[in-house]
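Enquirer: First, the structure itself, so that you have it in front of you.
Number of protein chains: 2
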Amino acid sequence: MEAVVDRRSPWKALRYRKFEAATKRDAVLREAARTFNEKGFHSSSLDELAERLHVTKPTLYYYFRSKEEILYECLLRGLGELEEAVDAALIASGSGLERFVEVMHGYAGIVLGDFGYTTVHIGQDPLSPQRRAQARRVERRVAHKLQSLIAAGIDDGSIAPCDPKIMASTFAGALNWITRWYRPDGAMSADDITGQCVNLLLAGFAPRNEASFPAGRRKSRVK
Amino acid sequence: MEAVVDRRSPWKALRYRKFEAATKRDAVLREAARTFNEKGFHSSSLDELAERLHVTKPTLYYYFRSKEEILYECLLRGLGELEEAVDAALIASGSGLERFVEVMHGYAGIVLGDFGYTTVHIGQDPLSPQRRAQARRVERRVAHKLQSLIAAGIDDGSIAPCDPKIMASTFAGALNWITRWYRPDGAMSADDITGQCVNLLLAGFAPRNEASFPAGRRKSRVK
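So the sequence lines, in the order shown, correspond to chains S and D.
Here the first sequence stands for residues 1 to 223, numbered as in this note's numbering.
Here the second sequence stands for residues 1001 to 1223, numbered as in this note's numbering.
And the structure:
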């Protein structure tokens, strides 16, 4: 960002100011998500958020009009991360199941992150009806993409025939729940827990006759 | 309850008054759970609860000291229902998997109910540290019982070897998530959705070689 000290062109300085504003906006959103995740939406105040960011409350109002608008933007970030993970899987090569396994691992990382955690655990309830409807539209779009990936896996025979909506809900719920009890200082790493949960979902609770399981397919499910 | 008009014995009348008090207390708790589930804990007020029950706020204070105490009692009811379901499975006959399937179906019914929904979706965050610790103790006891049921299933070979804690979290998360999007007026019944979700969890997302699956075991997993 050498442009910041280059005063020959006002345009570069403007570009830098825009970059700086976006960075600060991001910092507000991330700290807000962390605050919501720690204390819940209703117990979090803009006073406290300003304090955590070492700024005044009017500074926050320069970027956002309300706590509710901040939550809305946090949810769009979380949903955006999920949509990116699904989009990447939709254009990747491999069987439907292989690509779905990628999504499951990506999903687990996202919901353990700041915006993903807010998306799952704070959710859309505190939003105004208008913003809730907008967030719901994005959520539905992501859900439909995910269900089409599952349908592709059923079509190519790599995923057992099932209702894609129920399968999507089953894996999402299972991975969301981990974030409720997982502690970074616990005995198992997040990757360990996620891996074991994904394997359980792929193989099922009832024991398999391993001998009858084709080697290639088995590899993809213990990934 | 003829005792209510029988004034010859004051003891019967007292017994009736106690019964009546317990019934009213139950009614307060159930309506409170419904209110929390609809509006969230922080957006629910005792004023509104009193209005929904057609009583005055002081009447509520006769039964409970605070909104937080009401939530605590609701959570104990929810956890109590879950514990009953696990206790019944622990003393039932059948393989570990068969008894675990019973628990999964019971669990789904409970978390779709008033107190179970509060237990899963409102949770212990709004409680005072003391009451939160007490609720956590009950929750841990139920979790340990559930994990011992899973361990019994692994021992008798009906459940695939896994970490019982992760398996318990996987099924609970999957079933909890259904309650987030299930609508009684939707296309599928709660039993249908639960049944499909339980079957997915038992059989896994990856297709099985059905021919190699023993008939007896298969029956228990499609229950």
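Every residue, glycine too, gets a C-beta built ideally from N, C-alpha and C.
To which residues of the same chain is alanine 50/S closer than 8 Å at the C-beta, ignoring the five residues directly before and after it?
Expert: Start at 1 with the first residue of the first sequence, and residue 50/S comes out as number 50. The residues Thr56, Lys57, Thr59, Leu60, in chain order, have a CB closer than 8 Å to that of alanine 50/S in the same chain once the five nearest residues on each side in sequence are set aside.
Enquirer: Once you ignore the five residues that flank phenylalanine 1041/D on each side, which residues in its own chain have a CB closer than 7 Å to its CB?
Expert: Mapped onto the second sequence, residue 1041/D falls at position 41. Around phenylalanine 1041/D: Leu1071, Ile1122, Pro1126.
Enquirer: Spatial neighbours of alanine 1027/D within its chain, please: CB distance less than 8 Å, with the 5 preceding and 5 following residues excluded, ordered by chain position.
Expert: Against the second sequence, residue 1027/D aligns to sequence position 27. Leu1053, listed in sequence order.
Enquirer: Output, in chain order, the set of chain S residues within a Cβ distance shorter than 8 Å of cysteine 1197/D.
Expert: One-based indexing of the second sequence puts residue 1197/D at position 197. Going along chain S in sequence order, the residues near cysteine 1197/D (Cβ under 8 Å) are Ile166, Ser169, Thr170.
Enquirer: Answer yes or no: does any C-beta atom of chain S fall closer than 8 Å to that of phenylalanine 1205/D?
Expert: For the purposes of this step, residue 1205/D is taken as residue 205 along the second sequence, with counting starting at 1. By this cut-off, phenylalanine 1205/D is an interface position.
Enquirer: Which residues mark the beginning and the end of the alpha helix (DSSP H) in which isoleucine 1110/D is found?
Expert: Counting from 1 along the second sequence, the entry for residue 1110/D is found at position 110. Note, isoleucine 1110/D: alpha helix (DSSP H), 1096–1111.
Enquirer: Inspect the beta-carbon positions of alanine 92/S and glycine 106/S and report whether they are closer than 8 Å.
Expert: Residue mapping note: residue 92/S aligns to position 92 of the first sequence, counting from 1. Residue mapping note: residue 106/S aligns to position 106 of the first sequence, counting from 1. No. Outside cutoff.
Enquirer: In terms of residue numbering, what span does the alpha helix (DSSP H) encompassing threonine 194/S cover?
Expert: As a first step, residue 194/S is located in the first sequence; it is residue number 194 there, counting from the start. Looking at the DSSP string, the run of the alpha helix (DSSP H) that includes threonine 194/S is 190–203.
Enquirer: Enumerate in chain order the residues of its own chain whose CB-to-CB distance from asparagine 1176/D is below 7 Å, with the five nearest sequence positions on each side excluded.
Expert: In the second sequence, counting from the first residue as 1, residue 1176/D sits at position 176. Result list for asparagine 1176/D: Val1111, Val1120, in chain order.
Enquirer: Looking at the unbroken alpha helix (DSSP H) that takes in valine 1142/D, where does it start and where does it end?
Expert: Within the second sequence, residue 1142/D is the residue found at index 142, counting from 1. Unbroken alpha helix (DSSP H) run through valine 1142/D: 1129–1155.
Enquirer: Check proline 1164/D in the structure and name its three-state DSSP category.
Expert: The residue labelled residue 1164/D in the question sits at position 164 within the second sequence. The answer is helix: DSSP assigns proline 1164/D an H, G or I state.
Enquirer: Counting only beta-carbon atoms, is asparagine 176/S nearer than 8 Å to chain D?
Expert: The count along the first sequence starts at 1 and reaches residue 176/S at position 176. Asparagine 176/S counts as touching chain D.
Enquirer: Identify the contact partners of glycine 94/S in chain D, using a Cβ-Cβ distance below 9 Å as the criterion.
Expert: Taking the first sequence and counting its residues from 1, the one referred to as residue 94/S is at position 94. Correct list: empty, because the minimum Cβ distance to chain D is about 14 Å.
Enquirer: My output table needs one value for tyrosine 1182/D: the three-state DSSP class, helix, strand or coil.
Expert: Within the second sequence, numbered from 1, the residue matching residue 1182/D stands at position 182. Coil.
Enquirer: Spell out whether any CB of chain S is found under 8 Å from the CB atom of tryptophan 1181/D.
Expert: Along the second sequence, one-based indexing puts residue 1181/D at 181. Chain S, which has a Cβ nearer than 8 Å to the Cβ of tryptophan 1181/D, makes this yes.
Enquirer: Which residues in chain S sit within 7 Å of isoleucine 1122/D, going by Cβ to Cβ distance?
Expert: Position 122 of the second sequence, counted from the start, is the residue given in the question as residue 1122/D. Per Cβ cutoff of 7 Å: no residues; isoleucine 1122/D is ~10 Å from chain S at best.
Enquirer: Please compile the residues from chain S whose C-beta is within a distance smaller than 8 Å of the C-beta of isoleucine 1193/D.
Expert: As a position in the second sequence, residue 1193/D is number 193, starting the count at 1. Those are Ile166, listed as they occur along chain S.
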